[in-house]
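Take a look at the structure below.
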Amino acid sequence: MSAPVIQLDGVNAWYGESHILHGVSLEVREGEVVSLLGRNGSGRTSTLRALLGLTGRRTGSVRILGQETIDWPTYRIARLGLGYCPEERGIFASLSCEENLMLPPPLVGTGREGMSVDEIYSLFPNLKTRRSSPGTRLSGGEQQMLAVARMLRTGARVLLLDEISEGLAPVIVQTLARMIQTLRGQGFTIVMVEQNFHFAGPLADRFYVMEHGRVALEFGQSELAARMPQLNELLGV
Amino acid sequence: MMSNRANLILYAVLLLAGLLAPLVVYPVFMMKLLCFALFACAFNLLLGYTGLLSFGHAAFFGGASYVTGYLAASQGWGPLGGIVAGTLFAAALGAVMGWIAIRRQGIYFSMITLALAQMFYFLCLQAPFTGGEDGLQGVPRGQLLGLIDLSSDTALYYLVLAVAVAGFALVARVVHSPFGQVLRAIKDNEPRAISLGYPADRFKLLAFVLSAALTGLAGSTKTLVLGFATLTDVYWATSGLVILMTLIGGMGTLLGPVVGAAIIVILENRLGNVGRAFASLTGIDWFNGLGESVTIVIGLIFVLCVLLFRRGIVGEILHRRGVRTG
Amino acid sequence: QTGPVRIGFITDMSGVYSDIDGQAGGEAIKMAVADFGGNVLGRKIEVLTADHQNKADVAATKAREWVDQQGVNMVVGGTNSAAALATARIMADKKVPYFIIGAGSSRLTNEDCTPYNVHYAYDTVALARVSAKALVDKGDKSWYFLTADYAFGHSLEKDATEIVKGSGGTVAGAVRHPLGASDFSSFLLQAQASKAQVLGLANAGGDFINSVKAANEFGITKTMKLAGLLVFINDIHSLGLKTAQGLLVTDSWYWDQNDDTRKFASRFIEKFKRMPSSLQAADYSATLTWLKAVKAAGTTDGAKVMEQLRKTPINDMFVKNGTIRADGRMVRDMYLLQVKTPAESTKPWDYYKLLQTVPGSKAYTTLAESKCSLVKK
Amino acid sequence: MELFGVPLVALLGQLLLGLVNGSFYAVLSLGLAVIFGLLNVINFAHGALFMLGAMLAWMGANYLGLNYWVMLVLAPLVVGLLGIVIEKTMLRWLYRLDHLYGLLLTFGLTLLIEGIFRSIYGASGQSYDTPDLLQGATNLGFMILPNYRAWVVVASLAVCFATWFVIEKTRLGALLRAGTENPRLVESFGVNVPRMITLTYGFGVALAGLAGVLAAPVMQVSPLMGSHLIIVVFAVVVIGGMGSILGAIVTGLALGVIEGLTRVFYPQASSTVVFVIMVLVLILRPAGLFGKEK
Amino acid sequence: MSDPILQAEHISRRFGDFLAVDDVSLNVQRGHIHALIGPNGAGKTTCFNLLTKFLAPTSGRILFNGQDITADSPVQVARRGVIRSFQISAVFPGMTVLENVRLGLQRGLGVSFHFWRSQSLLSQLDARAMELLAEVDLQDMAHELTANLPYGRKRALEIATTLGMEPELMLLDEPTQGMGHEDVGRVTALIKKVSRGRTILMVEHNMNVISAIADRITVLQQGKVLAEGDYAAVSSNPEVMQAYMGSADVALQGAHA
Ligand SMILES: Nc1ncnc2c1ncn2[C@@H]1O[C@H](COP(=O)(O)OP(=O)(O)OP(=O)(O)O)[C@@H](O)[C@H]1O
Ligand SMILES: Nc1ncnc2c1ncn2[C@@H]1O[C@H](COP(=O)(O)OP(=O)(O)OP(=O)(O)O)[C@@H](O)[C@H]1O
Ligand SMILES: [Mg+2]
Ligand SMILES: [Mg+2]
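See the structure below:
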């Protein structure tokens, strides 16, 4: 059993006054692909954001690679080797597609090389053709690809992916699925928030199902079939 | 929302206070205060409810007071005519400035209004009839409709009170009108409002003109009260002052600006005494100089308000009462 | 009646004029009260001061309130003519003597004169005339004006021009600069191109100072004489002799004229670490003059005191044989001064040498010219 | 040879003088643009800090006997430090709010700073001598150009270009521009954004301080020297459009020149010409000459 | 028999050197639910922006009910009864859910510039507003502050508001994007329901939704029309599969099963 990379223990998070996460506890181990499922507003995005200290206030314990980071600033947490691909994509308008791609400074000491630009372009041909146009002039989907690609360059070893299949054409979704397989093969640790169960289902080793800012259910790939009924009633898949 | 009955009672009390004020407070001072209160309310209509921060309202305030002053002093117009003319002028000026400034949003809007107002300031400075730094002096109060002689402070006071109340009522109504609703929507999410078929810019412009007109009303009235119009009224510092009034009182609240205006005007006139009081209380001699450092004090309040007290006094009270402010 | 006799002093204490008058002016008044013995007609003398921040409305409301509520018996008005004009009307209504020190607008003794105005220190006409007259007489006949582009500047230019032409000089032209212009070089180059002998600076404060600086920088001081039409010693001080030397200015008082003035100056400087301006001296003198009149008249009643004031000539360290005219003008000698070179200056604040004394009768608008309604013709 | 009754040589002279003012506009609006970029704050205090720069130069000379060249380095540093303090203690708390608060805060600071200096040094201000090295003037044939003014132009152009290069052409610049849009996200890349912001503000106001020192020998060093200038600079910024660094620089210079020419042909308008141009630009091209359409 | 409500004739839009929409001709039949699909970056949203005049076409013209609207402003287009939704949700976060919908209805009263009237005269719209909210199951959130709604519900609210405008033609850009599955189902049904007596042009990636309700489908690729027809025709078109669905096996499952 490999070492835990991420350990959330009783994490609470707030946006302004509104209390979003109520004692979330979960654990992700080296080289695992973990998927957070849940309905809209169940708190999956917030969980990722809390992990990075991007929510308003957060309490509890967030250990990353064994380090307690609960009162660290975001940039220090990220430097531990995290790569975050946000729900709203976060493509920069004032930067060209390529500048966006090159923006994140390589993370040092994460013990892995980022993907080369060529590899990335071969993975997402659209980006190559639109490389010099302003980031937000890209279409919804192109932006999504860019957001993912951007993370792969930095040499982050833990990827936090929020709804990356969202708004993408099936053909691209398939590419992404394949990509995640590959990445897992290369030993990345991946946490993915997914609405699209059919995308996440086959990919993840373990699942956490969230509801109202809590973890409602946790199970492994093997139990998937058995858990289906429960899922149906939790997610309405 | 605060229950309407509570509101009504509150306003009734305030009105009563307004009616009795001259018995206790010095009327001229009270009148000046009312004018600035109206000024602040008009300004708040724009900042608090449309989200437009104008840094050029001095132009309307001063512009109107010059027009009124000129007509009353050199053209023998009566007070009412003067005030109406001044107000209309301000509205017109507002239409022009607004038409230009609304082309840009947010901070740009502020800078543009500031620049335009500065331009207007220079025009006033050079125009012959304003009397440059001597100011336009000796504006007669005249007779209201040829009946009531306004040279009596009390008579004038009730006229001013009436004007201020009317202005305030109008602001209150605008805020809670169908128009007001659309303004809120635009403030919230402009492209959506447009896609619903609301020409955002025209709504903003109307709001701007309304605010300018009311500001003008305040300016004209003030000229009548004090009997002169000077460059200070068109100077950018005045625009800054009215912002501060709104800020202290609480932007986006109906009564906030009134409270804010009261505080600032009192401060301007009484800072010296306040300082001496402090000095005698604390024994710190520095306070004696307070009267001579109004700018510092104003600046300090400004900074503190922005940093610690953004809801403003009234806003804070409403908030404590768990009421959503506009 | 009993209760203290109250003197109100309202001026700009925080704004652009705060150096030449301001708080220190208030202190000068208190000095005068102290020198007078602290009470008059057996009543204590109190001094109220206020800062009008160059806002006429603050000045007016304050003054009105003082009279109505504190029973102030006399008001000394500081700088800013808008404030002065506004206050003057109220004082007239309330029949309270109003000594105008800092404000220079000649309207105060013409269109806007009142029976209670005493225009005590100077006015723009006098300043313009004295410089113009004295210089043209000395042979500097051709003039060019650098004028602040608003009423004040225009009137300075107009008054000076009349005299220059009147006494056989010529005016080559004038260039108008906006108030508070950041850079005067372009205007000055135009002035230089005129080849006139004198450059009349019809502006004040920061504008004046910046014009002089630029004039130096562009070597205009080498080809033209600079005449400041409204200059206070504080301006010279902040310019520094190196830049200001040779400049011609007109003023109503200079600290280094005689023992009396020096005595006052030395008392003043130890309080404020700087020499008194003519205005601060005037504040002192005005207070004294009024108190004397009150004593003589045996009352603080405005009308009676004014009467007393008009019939007694004024003599103290500020003015010799000054007289107050029907239009409220206090007529006194004016001085044309030249700024010393750093070499000539032997002690701190030793800035001026006296070129010429112009009798009041020649300096000020004569009653004949006056547009004041109170003047019977 | 004449143009509208103005000798052409005189005209050349006026052009040059315009350029001098233009350089002040350029440096100031550049500072504003840089700050606005990352902080989304219109730094109203820019004028006051410009004044502070000049004041420091004067104080350095008077109290510490430090010469112009020392202060030319020192003053901007001090102003920059003050800026850093301001950002860390005040501005910082406003970022999550409407940008208008930034404007209001800095407006308050302006009053505060100017008020303080006025109560200490009085309003009429101090005069600061031209450094000996740049004393005197050069006769260009068509005019006598004081050496110092020539220096002002050269120095400001150098500073402007350097800034432009860093922001538009380097990776640091790219980070700045990204931070401009979504600082939280950039931070999640492991970039220490808070520090980046602080330093940017520090740098922006340091530019104002520098302009102040450059101005000290030319203008009277007085507490109000900044507030007159700043409003014009705002107009300049609106005309140029805050979108581009280069825009800020070019517009600054251009307007300086235009203003200079108005002083010759129609002095009465020289105070308003910039505003008039602003109006025209807004009508014809609302986003500003170099602004990106939103 | 064909009765086109919206016709785009050879419209193109270029951004700098890049042709986002390249000579597209579109013919939307009255009463149809017309789906616009295509790979990311195909130009769907851009088409929407052109048709609603949020962007000006570089060339080509647009007819609505036979009238040329190529020169109209977005507001004018909206007033003709062409209402759009956005790919990213568009609501008024600072207002309550009810107020959101009411604002849509308010325009009908034509009192929006009446700053002297009381807003209480808007309450006459409340009943209608509640109906609309009920249609998207938001009735019991009517007095919530919109900002506090989760994303999916915001989308629903947006649609309700759009419906309130009684549009003749509705353009929906990915209406089900980011919705929970039960929401998707509900919204699909909703669209079907409201399509009666209306025409709908929608961008959608979710094949189930499309197969369920679309009468006609236009496939865009790289700014050009690749194919047009009903679901059967389009989904069996080899080019389309190649370009869009990748391989046949997902053809019917699509991205969001
Ligand atoms: N910035 C914010 N301010 C206030 N509340 C927020 C904010 N962001 C999210 N919320 C609220 O927090 C709750 C959880 O949101 P979150 O985005 O984590 O849900 P989610 O599981 O990601 O669902 P989805 O992303 O599909 O909407 C929701 O009720 C949402 O309204
Ligand atoms: N304003 C713009 N400037 C430059 N290019 C743009 C602009 N808007 C869109 N584009 C380009 O036009 C193409 C079509 O964009 P559009 O948003 O219409 O795609 P889409 O079909 O909506 O894709 P998605 O399904 O991912 O939203 C994309 O390549 C995009 O990069
Ligand atoms: Mg989410
Ligand atoms: Mg799209």
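Residue numbers (the working numbering), protein chains in the order written: chain D, 1294 to 1530; chain P, 297 to 622; chain W, 42 to 418; chain G, -2 to 291; chain X, 1125 to 1381.
Just so it is clear, CB atoms sit at the ideal spot from N, CA and C, and this is done for glycine as well.
- In its chain, beyond the 5 residues on either side, Gly1407, Met1408, Ile1413 have a beta carbon closer than 7 Å to the beta carbon of D:Leu1445.
- For D:Leu1454, the three-state secondary structure derived from DSSP is strand.
- Within the stretch 503 to 533 of chain P, the residues whose Cβ lies closer than 8 Å to any Cβ of chain W are, in chain order, Lys518, Leu522, Gly523, Phe524, Thr526, Leu527, Thr528.
- Legend: CB atoms of the stretch 241 to 263 of chain W lying less than 7 Å from CB atoms of chain G belong to residues Gly246, Gly247, Ile250, Asn251, Lys254, Glu258, Phe259, Gly260.
- When C-alpha distances from W:Val113 are compared across W:Leu395, W:Val46, W:Ala245, the shortest belongs to W:Val46.
- Judged by DSSP in its simplified three-state form, D:Glu1412 adopts helix.
- Residue pairing from DSSP places D:Glu1320 in a beta bridge opposite D:Gln1300.
- Distance between W:Ala255 and G:Phe21, taken at the CA atoms: about 16 Å.
- Distance from the CA atom of W:Val108 to the CA atom of W:Lys135, rounded to whole angstroms, is 7 Å.
- Considered as a whole, the stretch 239 to 268 of chain W harbours 246 to 258, 261 to 264 as its complete alpha helix (DSSP H) runs of no fewer than 4 residues, in chain order.
- Our two residues, G:Ile246 and G:Ser26, have alpha carbons roughly 7 Å apart in a direct line.
- Counting of Cβ neighbours within 10 angstroms places X:Asp1354 among the exposed residues, the total staying below 16.
- Residues of chain D with a Cβ closer than 9 Å to the Cβ of X:Phe1172 do not exist, since the nearest Cβ in that chain sits about 12 Å away.
- Neighbourhood of P:Tyr494 in chain X, by CB distance below 8 Å: Val1199, Arg1231, Ser1236, in chain order.
- Interface with chain P (8 Å Cβ-Cβ cutoff): X:Ala1280 is excluded.
- Only residues of its own chain outside the window of five on either side were considered, and among them Val1343, Val1358, Asn1361, Val1364 have a CB closer than 6 Å to the CB of X:Ala1351, listed in chain order.
- Relative to ligand 2, D:Arg1423 has its C-beta within less than 7 Å of a heavy atom.
- In the DSSP assignment, P:Trp532 falls within the unbroken alpha helix (DSSP H) covering 532 to 545.
- In the DSSP annotation of this structure, the continuous segment of the alpha helix (DSSP H) that includes P:Phe416 starts and ends at 402 to 422.
- Remark: the shortest separation between the CB of X:Lys1168 and any heavy atom of ligand 2 falls under 7 Å.
- Taking a contact as a CB-CB distance under 8 Å, the pair D:Ser1318 and D:Val1508 counts as one, their CB atoms being some 7 Å apart.
- Distance from the CA of P:Gly372 to the CA of P:Leu315, rounded to the nearest whole angstrom, comes to 30 Å.
- In the displayed model, G:Ile39 falls within coil according to three-state DSSP, outside both helix and strand.
- The three-state reading of DSSP puts W:Trp331 in helix, counting H, G and I together.
- Residues of the stretch 191 to 224 of chain W with a C-beta atom less than 9 Å from some C-beta of chain G are Val216, Arg217, His218, Pro219, Leu220, Gly221, Ala222, Ser223, Asp224, listed in chain order.
- Looking only at D:Gly1383, D:Leu1314, D:His1312, D:Val1327, the smallest Cα-Cα distance to D:Pro1297 is reached by D:Val1327.
- Interface flag for W:Ala123 against chain G is unset, since no Cβ pair is found closer than 8 Å.
- Here DSSP, grouped into helix, strand and coil, assigns P:Thr519 to helix.
- At a cut-off of 7 Å, the beta-carbon of D:Glu1381 does not count as near ligand 2: no heavy atom of the ligand is closer than that.
- When the Cα atoms are used, P:Glu429 and W:Ile204 turn out to be separated by approximately 24 Å.
- Boundaries of the alpha helix (DSSP H) harbouring W:His195: 192 to 207, taken from the DSSP string.
- Under the criterion of beta carbons closer than 8 Å, D:Asn1489 and D:Leu1439 do not qualify as touching, at roughly 19 Å.
- Pairing G:Ala205 with G:Tyr125, the inter-Cα distance amounts to about 18 Å.
- D:Arg1369 and G:Asn18 have their alpha carbons spaced roughly 45 Å apart.
- X:Gln1248 is classed as exposed because its beta carbon has fewer than 16 other beta carbons within 10 Å across all chains shown.
- No Cβ of chain P is located within less than 8 Å of the beta carbon of X:Ile1186.
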